[in-house]
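To start, the structure itself, in structure tokens.
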Amino acid sequence: MTSMTALETFVAEGISTGNVRTWLLDNIIPLVLLAVALLLLWLGGGKGDNAGVMRRLAGVVIALAIIGLAVSGAGVNVGQWIAGLFTG
Numbered sequence: 021m022t023s024m025t026a027l028e029t030f031v032a033e034g035i036s037t038g039n040v041r042t043w044l045l046d047n048i049i050p051l052v053l054l055a056v057a058l059l060l061l062w063l064g065g066g067k068g069d070n071a072g073v074m075r076r077l078a079g080v081v082i083a084l085a086i087i088g089l090a091v092s093g094a095g096v097n098v099g100q101w102i103a104g105l106f107t108g
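Start counting the sequence shown at 21; every next residue gets the next number (our numbering).
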């Protein structure tokens, strides 16, 4: 009977992915960033290939900027700004 009331509660409230999205943003993304940073330092820094590390780091920074635009929803504003440059 308890599981039935829990199911009824879920159905009444509606199921959403808001909590999953929040958990991913709060936990997974920082862990992935830490892993990438450690790999960059371990692979490139140990051999003295500092230029290679910086090239990879630039790619990571660009990827983070794209993720930041996608997650925050600011991509729409950037697109409108770029379109405004061409349309006047």
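Cβ coordinates follow ideal geometry from the N, Cα and C atoms, glycine included.
key: Backbone CA spacing between Ala85 and Leu54 [nearest angstrom]   = By one-based count along the sequence shown, residue 85 stands at place 65. By one-based count along the sequence shown, residue 54 stands at place 34. Distance between the alpha carbons of Ala85 and Leu54 is about 16 Å.
message = Less than 7 Å between the beta carbons of Val56 and Val80, yes or no?
response = Taking the sequence shown and counting its residues from 1, one reaches residue 56 at position 36. Taking the sequence shown and counting its residues from 1, one reaches residue 80 at position 60. Taking C-beta atoms as the reference points, Val56 and Val80 count as a pair closer than 7 Å.
message = Less than 8 Å between C-beta atoms, sequence neighbours within five positions excluded: which residues of the same chain meet that for Phe106?
response = For the purposes of this step, residue 106 is taken as residue 86 along the sequence shown, with counting starting at 1. Closer than 8 Å at the Cβ level, and outside the excluded window around Phe106, lies no residue.
request  = Locate the alpha helix (DSSP H) running through Leu44, then write down its first and last residues.
outcome  = The residue given as residue 44 occupies position 24 in the sequence shown. Annotation for Leu44: no alpha helix (DSSP H) segment contains it, and DSSP assigns it neither H nor E.
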